[in-house]
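Notes follow once the structure below has been shown.
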Amino acid sequence: MKIALVHMRHSNVGGTELFLNQLSKYLCEQGEDVTIICRTHVEPSHPNIKFVQLKPFSIGKAHRVYQFAKAVEKHVKNTHYDVVYGLGKTWSHDLIRIGGGTRKHVVELRKNQKPSWRDRVSLYIERRSVQSDHCKIVVSNSNKTSQELISDYGVDPKKIVTIHNAVETKRFDRERLKPEVDNLIQELKLDISVPTFLFLGSGYNRKGLKSLLDAYKLIDFKSNLLIVGNENHPEEYMDYAKQLGVYDSCQFLGKQNKPELFFSLADCYILPTKYEPFGFTVIEALSCGTPTITTQECGAKEVIDSNVSTVLSSGYSSQELADAMSHWAHLRGDIELKKQCRQSVMKQDVEAVMNDNYQVILSLSK
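Each residue of the sequence shown is one higher than the one before, counting from 1 in UniProt numbering.
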């Protein structure tokens, strides 16, 4: 079967890009003929993957997105594929995956900010992509995203298939990583006689770092807080930690290439997000044997168990978050808890989730 996967950027960085690499590799392993239609690409995840690069003339980011979608439309019209699987920002496909919530919902969250030109173009493409008669199935990564598709665009629920995100359990494995984790602990000069909390994510505001710092101030025992991920203005959060008097027990580490090491050394992972369509990091932490704390606004809540995670209610208080942190910190030496954390996400292993996507593709080909 000749399958096209469509995304502007093929890369080794980013959630959609990770999914693209995982699915293209899996499909090739099943013996399928796989082509990635993109604007730019890196080395493929499987040697049999082919690329079609479309780089139409464009001026600016918004125009680039629109021109790529138009180029894909032309290419798909003139080339035979049994199934075309879009991964966002195009409208020429048999099925599309919406993996980051709807753009409409994200734009509406910026209450006092007018949509940019790029927003407007993306909203136009998104509407076409999910409402097109040619698009038979819309794959969402959470029930949260599914509800956005229904409320924002009136997508027929029968057209939506929810397939939650995957975790590479072989990669995110505390036992396998122990030597590297020990080295990292030494590099960070981390006091492992006290609990270590971890915040990991890009965009500290949406991910709720200030809320975490407020709660961390209320912790009544000595501990470490590691803060990992990209942020345009990290100094704002450093200053806030200083104001609260907790800066000396925090380490702001910026972007790191091996999140699995940080999940494996932490005693509790915290993602107090304001909005997260899914949240890869929650199931990655659990796969490493680390209990998690997140919020009702995180789509990953749909696949996690209460015996290994805390899901905070909307409008939670700093004390509620601090209490949850204390609860998991006091269980830091529980070997059975670590096993339960990992076991709880084995159903989200990448092989199982990619097979779910494959079955949807096969249903279209029939």
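Positions of the beta carbon are idealized from the N, C-alpha and C atoms, including for glycine.
| Check | Outcome |
| --- | --- |
| Whole-angstrom distance between I219 and Q296, CA atom to CA atom | 22 angstroms |
| Straight-line gap, N230 to K366 (C-alpha atoms, nearest Å) | 44 angstroms |
| Beta strand (DSSP E) runs wholly inside the segment 77–142, at least 3 long, in chain order | 83–86, 95–98, 137–140 |
| First through last residue of the alpha helix (DSSP H) which encompasses Q343 | 335–344 |
| Secondary structure of F68, DSSP reduced to three states | helix |
| In chain order, each alpha helix (DSSP H) run of at least 4 residues that lies wholly inside the segment 138–200 | 143–153, 174–188 |
| Boundaries (first-last residue) of the beta strand (DSSP E) holding F19 | Taken as a continuous stretch (DSSP letters only), F19 belongs to no beta strand (DSSP E), being part of the alpha helix (DSSP H) at 15–29. |
| Where T273 sits in the DSSP three-state scheme | coil |
| Nearest candidate by alpha-carbon position, reference R9, set H41, M1, V303 | H41 |
| Inter-residue Cα distance where the pair is Q243 and Y237 | 10 angstroms |
| At least three beta-carbon pairs within less than 8 angstroms, the segment 170–179 to the segment 193–204 | no |
| Per-residue burial, E126 [other beta carbons within 10 Å of its own, 16 or more giving buried] | buried |
| Where D156 falls, given that 16 or more other Cβ within 10 Å makes a residue buried | exposed |
| Sub-7 angstroms separation of C268 and R174 beta-carbons | no |
| Cβ contact (3+ pairs, closer than 8 angstroms) linking the segment 91–99 and the segment 59–74 | yes |
| Of the listed residues D349, S122, S11, H330, nearest to E284 (C-alpha basis) | D349 |
| Check whether V246 and K217 have beta carbons under 7 angstroms apart | yes |
| Closest Cα partner of L23 within the set K222, Y358, G99 | Y358 |
| Length of the line joining the Cα atoms of P277 and V161 | 15 angstroms |
| Extent of the continuous beta strand (DSSP E) to which D33 belongs | 33–38 |
| Residue 367 versus Q256: straight-line alpha-carbon distance, rounded | Nothing can be reported for residue 367: it is not among the residues displayed for the chain, which extend from 1 to 366. |
| Cβ-based burial, M325 [other Cβ within 10 Å; buried from 16] | buried |
| Cβ of Q343 within 7 angstroms of any chain C Cβ | Among the chains of the structure shown, chain C does not appear; only one protein chain is present. |
| Status (buried if at least 16 other CB within 10 Å, exposed otherwise) for T16 | buried |
| Straight-line Cα distance separating R342 from D305 | 11 angstroms |
| Whole-number beta carbon distance between L271 and C298, since they are thought to touch under 8 angstroms | 6 angstroms |
| Extent of the continuous beta strand (DSSP E) to which F51 belongs | 50–53 |
| As assigned by DSSP and simplified to three states, the class of F262 | helix |
| Residue from M354, V303, K111, A266 with nearest C-alpha to R332 | A266 |
| Buried/exposed call for H330, threshold 16 Cβ in 10 Å | exposed |
| Under 7 angstroms between C-beta atoms of V228 and L253 | yes |
| Short Cβ contact (7 angstroms threshold) for T290 with F263 | yes |
| Rounded C-alpha distance that separates A352 from D248 | 43 angstroms |
| Delimiting residues of the beta strand (DSSP E) encompassing S309 | 309–312 |
| Proximity winner among V303, D119, L95, I96, relative to A62 (alpha-carbon distances) | D119 |
| Nearest residue (CA-CA) to L20, options V6, Q30, E29, D152 | V6 |
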